[in-house]
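Notes for the one structure printed next.
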Amino acid sequence: MAKGLGKGINALFNNVESNEEAVEEIKLKDLRPNPYQPRKTFDDDALADLKASIQQHGVLQPIIVRKSIKGYDIVAGERRFRAAEQAGLTTIPAIVREFSETLMREIALLENLQREDLSPLEEAEAYASLLDHLSVTQEELAKRLGKSRPHIANHLRLLTLPEEVQKLIANGTLSMGHGRTLLSLKNKKKLAPLVKKIVDEGLNVRQVEKLVQQLNENVPRETKKKEAPKDRMLKERESFLQNYFGTSVTIKKQKKKGKIEIEFLSNEDLERILELLSTRESSE
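For any residue, its number in my numbering is found by taking its place in the sequence shown, counting from 1, and adding 54.
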């Protein structure tokens with residue numbers, strides 16, 4: 055298996071002109087998109103701009119492909135391929151290389167990550183797919199991709215949200231910050247009406263954090279009494295911890311002592327939280 059691919063991925067795409075590999079003109083009809091492409095949608099405006107550029111200047115950088123049984127699979131450069139189709143081209147410059155199935159999956163993800171083309175949910179699904187097919191841990195995957203383990207874990211947790219919420223994140227109605235905050239809601243029966251409120255009122259992440267905190271306290275807003283300064287300070291710290299750990303956190307204070315309860319949903323989630331604690335401790 056390739057190691058540390060994320061840090062050396064540029065070598066696969068950049069400066070292809072300096073390589074001794076031949077650039078071929080391949081017919082568009084003989085090409086098919088990378089079957090492991092994590093990106094589900096392509097920005098129409100960006101494709102239109104690329105189409106206009108190709109019509110004026112041609113395809114300046116060859117795409118990278120591998121030979122398949124019926125033509126070629128696109129390894130990198132699907133946007134250029136789609137724009138070339140729209141521009142009316144019949145062929146496109148390409149470099150043919152050999153790639154394993156495993157490397158195809160990794161490159162498909164990394165190309166999009168480097169260009170920041172993926173939505174949070176597409177990124178999460180790509181991580182889940184790699185974990186499944188590579189049979190590696192989150193820690194091992196993080197090292198291979200040049201990402202932090204908490205980054206991967208936080209994205210994967212989005213996949214535990216209900217499908218309806220995932221769709222809202224996928225289409226951009228809700229952000230990853232919204233999703234992480236909703237994960238900390240204790241009473242899941244209150245999730246659907248809360249999501250409706252967020253969408254209808256266009257609430258930002260900070261506003262949702264406050265609502266989730268109120269719901270977790272299980273105190274009706276109408277009967278909620280004015281908080282004492284110390285109570286308000288504890289609630290602010292509780293909100294900070296919930297945002298930092300991406301899960302439900304409760305601070306229970308008595309006269310001279312207290313305790314902090316941090317919820318985790320699985321063994322992997324526990325490891326993610328411990329990693330966050332370790333990272334914060336080592337930085338101080």
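Cβ atoms here follow ideal geometry from the backbone N, Cα and C, with glycine treated the same way.
In this text, all values refer to a predicted model and were calculated from it rather than measured experimentally.
Note down the Cα distance separating residue i from residue j, rounded to an integer number of angstroms.
i	j	result
Pro204	Asn297	13 Å
Ile397	Ile327	Lying before the first or after the last residue shown, residue 397 is absent from the chain, which here runs from 55 to 338.
Ala224	Pro147	33 Å
Glu194	Gly142	43 Å
Asp84	Gly256	46 Å
Thr191	Gly226	29 Å
Ala102	Glu292	47 Å
Leu248	Gln110	49 Å
Gln308	Ile252	34 Å
Phe299	Phe153	38 Å
Ile305	Lys311	11 Å
Val273	Gln140	Low confidence applies to Val273: its pLDDT is 47, below 50, so where it sits in the model is not reliable, and the reading given next is rough at best. In a straight line, the C-alpha of Val273 is about 57 Å away from that of Gln140.
Phe294	Lys201	24 Å
Lys313	Glu263	21 Å
Leu167	Asp285	42 Å
Ile206	Glu218	22 Å
Ser332	Arg151	42 Å
Val70	Ala100	With a pLDDT of only 43 at Val70, under the threshold of 50, the placement of this residue in the model should not be trusted; the figure read from the coordinates follows. Between Val70 and Ala100, the C-alpha separation is close to 23 Å.
Lys240	Gln261	17 Å
Glu290	Asp186	39 Å
Determine whether the beta carbon atoms of residue i and residue j lie at a separation below 8 Å.
i	j	result
Asn88	Ile128	yes
Leu210	Gln220	no
Leu82	Thr144	yes
Tyr90	Arg198	no
Ala137	Ile108	yes
Arg93	Glu155	no
Phe135	Ile117	yes
Ser229	Val259	yes
Gly112	Arg86	no
Leu330	Thr214	no
Buried or exposed: residue i, going by 16 or more other Cβ atoms within 10 Å of its Cβ?
i	result
Leu324	exposed
His232	buried
Asn208	buried
Arg133	buried
Gln267	buried
Ser397	In the structure displayed, the chain extends from 55 to 338; residue 397 sits before or after that span and is not available.
Ala408	Only positions 55 to 338 of the chain appear in the structure, and residue 408 is not among them; the question remains open.
Met287	exposed
Leu172	buried
Ala106	exposed
Ala76	exposed
Glu276	In this predicted model, Glu276 has a pLDDT of only 46, less than 50, meaning its place in the structure is not dependable enough to derive any value.
Ala178	buried
Have a look at the options and flag the residue whose alpha-carbon is nearest the alpha-carbon of residue i.
i	options	result
Ala246	Thr235, Leu167, Pro216	Pro216
Lys250	Leu222, Asn241, Glu263, Ala130	Leu222
Thr235	Leu269, Asp254, Asp186, Lys313	Leu269
Leu164	Ser229, Asp186, Gly131	Gly131
Glu79	Pro174, Asp98, Leu114, Ile206	Leu114
Leu188	Leu157, Asp98, Glu322	Leu157
Query raised in the report: Can at least three beta-carbon pairs, one atom from the segment 169–186 and one from the segment 107–125, be found at a separation below 8 Å?
Result: Touching, no.
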